[in-house]
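Asks: Quick one: the structure is below, questions incoming.
In our numbering, the protein residues as written are 3 to 176.
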């Protein structure tokens, strides 16, 4: 989060969960806390527009190291590591590589919701979970049929040294 009112509001909200969420928030004074606003038509409840206020550059080294130190400290108590990559600069190549290596060493599965087009960024992950469009972009081709998905996923598994890829296909399941 940023060192701003939105970051403080978020920290306060997590503090009001009665201990159900133990948020570990790194403060990055070089960026604002991400804020999003959705504009909806009153008459039809139709989503018209979304506006985002955010910075997506890579974390500065001190914040990156704080994120890693916290994650590595908590790793022994986790059943799995989930890296949900939104492309906001938190999951830098160093963070991804370090966390996957540490999780594998600790025999913890690693699940990745990808943003990178090059899945080699997630080398060693247990499973990467793209949707069909993300898989198409990563494979540099349109994948529509089940056979296309299996072929594209197989190539990416081999090239990126992944255990598996689980593709979500909207109403068609996984």
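Beta carbons are placed, not taken as given, at the ideal position from N, Cα and C, and that holds for glycine.
Hey, could you find the ends of the alpha helix (DSSP H) residue 137 is sitting in?
Replies: Position 135 of the chain shown holds residue 137. Residues 134–141.
Asks: Going by the CB atoms, is the gap between residue 109 and residue 80 shorter than 9 Å?
Replies: Locating residue 80 in the chain shown gives position 78, counting from the first residue. Locating residue 109 in the chain shown gives position 107, counting from the first residue. Going by C-beta atoms, residue 80 is not nearer than 9 Å to residue 109.
Asks: Which runs of the beta strand (DSSP E) at least 3 residues long sit entirely within the region 3–52? Give them in chain order.
Replies: 37–42
Asks: State yes or no: is the C-beta of residue 85 within less than 9 Å of the C-beta of residue 42?
Replies: In the chain shown, the residue the question calls residue 85 occupies position 83. In the chain shown, the residue the question calls residue 42 occupies position 40. No, Cβ-Cβ distance for residue 85 and residue 42 is not below 9 Å.
Asks: According to DSSP, residue 85 sits in a beta bridge with which residue or residues?
Replies: By one-based count along the chain shown, residue 85 stands at place 83. Answer is 114, bridged to residue 85.
Asks: DSSP state of residue 100, grouped into three classes?
Replies: In the chain shown, counting from the first residue as 1, residue 100 sits at position 98. Note: residue 100 maps to helix in three-state DSSP.
Asks: Roughly how many angstroms separate the alpha carbons of residue 52 and residue 91, rounded to a whole number?
Replies: The residue given as residue 52 occupies position 50 in the chain shown. The residue given as residue 91 occupies position 89 in the chain shown. Going from the Cα of residue 52 to the Cα of residue 91 covers about 20 Å.
Asks: Look at residue 160 and residue 128 and say whether their C-beta atoms are less than 9 Å apart.
Replies: Residue numbering aside, residue 160 sits at position 158 when the chain shown is read from its first letter. Residue numbering aside, residue 128 sits at position 126 when the chain shown is read from its first letter. Cβ distance not < 9 Å, so residue 160 and residue 128 don't count as in contact.
Asks: How is residue 108 classed by DSSP in three states: helix, strand or coil?
Replies: Indexing the chain shown from 1 puts residue 108 at position 106. Reduced to three states, the DSSP call for residue 108 is coil.
Asks: In three-state terms, what does DSSP make of residue 129?
Replies: Translated into the one-based positions of the chain shown, residue 129 becomes position 127. Looking at residue 129 - three-state DSSP - the assignment turns out to be strand.
Asks: Taking C-beta to C-beta, are residue 140 and residue 158 nearer than 9 Å?
Replies: By one-based count along the chain shown, residue 140 stands at place 138. By one-based count along the chain shown, residue 158 stands at place 156. Contact: yes.
Asks: Secondary structure at residue 54, three-state DSSP: helix, strand or coil?
Replies: Locating residue 54 in the chain shown gives position 52, where the first residue counts as 1. DSSP places residue 54 in strand when its eight states are reduced to three.
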